[in-house]
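Note that the numbering used here numbers the sequence shown so that position 42 is 189, with each residue one more than the last. Glycine is no exception: its CB is placed at the ideal position from the N, C-alpha and C atoms. Comments concern the structure below.
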Amino acid sequence: MARTVAGIDLILGTHSHLKVPLTQIEGTTTYFISPFQYLDYVSHVTLHVADGQLLNITGELIAIDETTPENVALAEKVTGMQAELEELHPERFEILGEAAGLIDNTDINWGETGIGNFVTDLARQAVNAHVFLSTSSSFRAALPPGPITQEAYLTALPYKNSIVTAELSGAQLLELLTLSAAKRGSDAFSQISGVRYTLHTSDNSVSNVQVLADPADPAVGYVDLDPAATYFVSTTNFQALIAADYKDIFATAQNVMNTEIDINELVSAYILANSPVAAEPDGRIEITD
Numbered sequence: 148m149a150r151t152v153a154g155i156d157l158i159l160g161t162h163s164h165l166k167v168p169l170t171q172i173e174g175t176t177t178y179f180i181s182p183f184q185y186l187d188y189v190s191h192v193t194l195h196v197a198d199g200q201l202l203n204i205t206g207e208l209i210a211i212d213e214t215t216p217e218n219v220a221l222a223e224k225v226t227g228m229q230a231e232l233e234e235l236h237p238e239r240f241e242i243l244g245e246a247a248g249l250i251d252n253t254d255i256n257w258g259e260t261g262i263g264n265f266v267t268d269l270a271r272q273a274v275n276a277h278v279f280l281s282t283s284s285s286f287r288a289a290l291p292p293g294p295i296t297q298e299a300y301l302t303a304l305p306y307k308n309s310i311v312t313a314e315l316s317g318a319q320l321l322e323l324l325t326l327s328a329a330k331r332g333s334d335a336f337s338q339i340s341g342v343r344y345t346l347h348t349s350d351n352s353v354s355n356v357q358v359l360a361d362p363a364d365p366a367v368g369y370v371d372l373d374p375a376a377t378y379f380v381s382t383t384n385f386q387a388l389i390a391a392d393y394k395d396i397f398a399t400a401q402n403v404m405n406t407e408i409d410i411n412e413l414v415s416a417y418i419l420a421n422s423p424v425a426a427e428p429d430g431r432i433e434i435t436d
């Protein structure tokens, strides 16, 4: 937009997965700021003007958290609305299970996360695949510590994605990971299970790729990716069939099949049966210069 339409001084991002501090868009004089999602941040921008001319733009993202001063009137309004919501939809506030600690989604567009590891591990295990990938867009929030309500769960994982499986060569799998690395910083970056690699931020390349030796027994460990080998790879139906660029790679894969396994039902059933649940980053994506 900024490169196509001359004269735009500022673009304000809204409710998206994108968290970007005030930044000048490369190749333009236009500034852009985007405050992530769910009112985690608000954008505070000042346009400095003198004699009708814009001199400068300054600004920042301000976190909305426990340090934010409370507005009494607004708090009362929200409390009333919450009570009405719980009365109208009590099923949304039933307790699904419990999280032993925060299952975090911080910087999910930039690297691995607790919630990404938690969900992708369960999905990979469900189909006994070498690898599972899911775009970060599938994850919208963290799972807070303590009781997990249906509302909190669906806030974090709102989409009814199913698991798609396929057979890919090692070269194709490397192409998938390289594509994901190129999308780092956007919600098209992939959360992963069953594969470990180093991501180089200097050029968004990947190296040191290792894959589970035996999907049925992860304790056996990882082995170096073999470009000529065939791997059983799984992902969401969105990533395999719809997501830009990813779908092109899966279109060249063998034996692509939609299992119709609902990932949300899979994960919620696990939480119900295994609480308290926990997950943290474990180093499967090493970020380096």
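Taking C-beta atoms as the reference points, P294 and E245 count as a pair closer than 8 Å.
Between the alpha carbons of T325 and I310 lies a distance of about 21 Å. Taken in chain order, the complete beta strand (DSSP E) segments of 3 or more residues contained in the segment 385-436 are 401-409, 432-435. The alpha-carbon of S190 is positioned some 26 Å away from that of L249.
A Cβ-Cβ contact shorter than 8 Å links I408 with A273. Looking at the DSSP output, N203 sits in a beta bridge with H195. For I255, there is no enclosing beta strand (DSSP E), since its DSSP letter is neither H nor E. By the Cβ test, the segment 418-436 is in contact with the segment 256-265, since at least three Cβ pairs between them sit closer than 8 Å. In this structure, the beta-carbon distance from Q319 to I389 does not fall below 8 Å. Residue environment for L232: exposed (fewer than 16 other C-beta atoms within 10 angstroms of its C-beta).
Between V266 and V414 a beta carbon distance of about 6 Å is seen, short of the 8 Å cut, so the two are scored as contacting.
Residue pairing for V189: DSSP places it in a beta bridge opposite I209. Taking C-beta atoms under 8 Å as the contact rule, Y378 and H277 qualify, at a distance of about 4 Å.
Restricted to the segment 239-292, the beta strand (DSSP E) segments that are unbroken, complete and at least 3 residues in length are 242-246, 278-282, listed in chain order. Less than 8 Å separates the beta-carbon of P374 from that of L321.
Between the beta-carbon of N308 and that of S285 there is about 6 Å, and that keeps the pair under the 8 Å contact cut.
Between D436 and H347, the C-beta spacing is below 8 Å. For L359, the uninterrupted beta strand (DSSP E) run begins and ends at 352-359, by DSSP.
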